[in-house]
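When you line the sequence shown up against the working numbering, it's residues 4 to 239, in that order. Where a beta carbon is used, it is the ideal one built from N, C-alpha and C, also for glycine. Just so you know, these numbers come straight off a predicted model, no measurement behind them. To keep things clear, I will list the structure first and then write my remarks on it.
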Amino acid sequence: MGKVFASNPLSINVPDPAFESWLRDSGYLEILDTATSTSATATTTSATAVTTASAKETATATTITHSLLHYLYTFISLLTVNPFAKLTTDDFSANTPSWTREFIGALGSYSFPSFPHTLKLRVHENVKRYARNYASLFILFFACSLYQMPLALVGLISSLALCDFFKFCSDKWNWDQYPVIRQVLVRIAQCATLVVLMLLNVQMALFCALAISYIVMTLHAAFRKLSPSKQPSRIR
4 MGKVFASNPL SINVPDPAFE SWLRDSGYLE ILDTATSTSA TATTTSATAV TTASAKETAT
64 ATTITHSLLH YLYTFISLLT VNPFAKLTTD DFSANTPSWT REFIGALGSY SFPSFPHTLK
124 LRVHENVKRY ARNYASLFIL FFACSLYQMP LALVGLISSL ALCDFFKFCS DKWNWDQYPV
184 IRQVLVRIAQ CATLVVLMLL NVQMALFCAL AISYIVMTLH AAFRKLSPSK QPSRIR
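Printed below as a string of structure tokens:
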């Protein structure tokens with residue numbers, strides 16, 4: 004903490020970038036989320052405070068229009084956010100968060116992001132926290148797509164069977180002693196597998212699962228408030 008704050012950590016003169024950086028490093032990102040939401044609410048409330056009664060209706064209409072445009076701009080900024088920017092392989096090795104208590108949460112766990120940078124912060128952090136949940140949803144959507152497209156399911160099973168048959172033949176006739184022949188057979192098997200997958204529309208089932216999973220992931224990550232991250236217990 005000493006490297007971030009020059010003097011007193013409780014000083015009100017701490018620069019905002021340094022304070023936000025300290026919150027981010029300390030795992031208190033939900034404070035940033037709450038602060039920006041409170042700031043947006045205060046701004047909207049102050050904008051509706053008009054001194055004269057004759058200008059109240061005009062000010063209210065202007066405030067509503069401004070709020071709608073602001074929320075529309077914030078929502079459109081979701082298209083420019085890369086949700087995988089801060090995702091690492093370590094995020095998939097962590098424990099899966101609880102589906103009901105952490106991933107879904109209560110009704111009050113969701114709100115519209117106040118600013119584009121709040122939306123970006125939520126998306127990056129929630130994708131890291133719930134990476135295993137999103138991966139499980141993709142598997143579920145892919146299974147549903149295969150159920151709706153029986154030919155794609157047949158194609159996937161056929162490709163797996165073809166790979167197992169090639170491995171069985173390689174082990175039985177010891178093709179490892181003939182690397183050139185084995186390489187040619189591997190290429191033929193790969194081409195045959197690709198043809199089977201293409202003809203039976205497995206790529207369409209995969210594309211549908213990816214598209215639905217991406218939409219669900221980005222919307223959930225954008226509207227899900229940042230919950231307090233678990234801090235390590237201090238040894239007294």
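Reduced DSSP category for residue i - H, G, I as helix; E, B as strand; rest coil
| i | result |
| --- | --- |
| residue 295 | Limits of the chain in this structure are 4 at one end and 239 at the other, which puts residue 295 out of reach. |
| residue 49 | Per-residue confidence for residue 49 stands at a pLDDT of 48, beneath the threshold of 50, marking its modelled position as unreliable; the derived number appears in the next sentence. Three-state DSSP puts residue 49 in a helix. |
| residue 133 | coil |
| residue 241 | A query on residue 241 cannot be resolved here, the shown segment of the chain reaching from 4 to 239 and no further. |
| residue 118 | coil |
| residue 139 | helix |
| residue 205 | helix |
| residue 89 | coil |
| residue 199 | helix |
| residue 237 | Confidence at residue 237 is low in this model, with a pLDDT of 43, below 50, so its placement is unreliable and the value that follows should be read with caution. Correct three-state label for residue 237: coil. |
| residue 84 | coil |
| residue 101 | coil |
| residue 44 | Note on residue 44: pLDDT 48, under 50, position unreliable in the model; the coordinate value appears next. The answer is helix: DSSP assigns residue 44 an H, G or I state. |
Residue closest to residue i, alpha-carbon to alpha-carbon, out of the options
| i | options | result |
| --- | --- | --- |
| residue 119 | 112, 83, 105 and 132 | 83 |
| residue 231 | 187, 129, 215 and 173 | 129 |
| residue 152 | 205, 193 and 175 | 205 |
| residue 214 | 137, 228 and 165 | 137 |
| residue 133 | 86, 185 and 61 | 86 |
| residue 144 | 212, 222, 72 and 221 | 212 |
| residue 90 | 182, 127 and 102 | 127 |
| residue 199 | 155, 183, 222 and 135 | 155 |
| residue 135 | 105, 98, 182 and 107 | 98 |
| residue 221 | 102, 110, 111 and 140 | 140 |
| residue 217 | 176, 142, 170 and 174 | 142 |
Those residues which DSSP pairs with residue i across a bridge
| i | result |
| --- | --- |
| residue 190 | BP columns for residue 190 are empty, so no partner. |
| residue 227 | 113 |
Check: residue i C-beta below 7 Å from any heavy atom of the ligand SAM
| i | result |
| --- | --- |
| residue 127 | Absence of the ligand SAM is noted for the structure shown, with no ligands found whatsoever. |
Extent of the continuous alpha helix (DSSP H) run through residue i
| i | result |
| --- | --- |
| residue 157 | 153-176 |
| residue 95 | 93-96 |
*Are the segment 206-216 and the segment 75-94 touching, with three or more C-beta to C-beta distances below 8 Å?*
no
*Between the segment 120-127 and the segment 71-89, are three or more C-beta pairs nearer than 8 Å?*
yes
_Contact the segment 103-119 vs the segment 220-231: 3+ CB pairs below 8 Å_ = At 8 Å Cβ cutoff, the stretches touch.
*Check whether the segment 188-195 touches the segment 156-176, taking contact to mean three or more Cβ pairs, one atom from each stretch, closer than 8 Å.*
Segment contact: the segment 188-195 against the segment 156-176, three or more CB-CB distances shorter than 8 Å; contact assigned.
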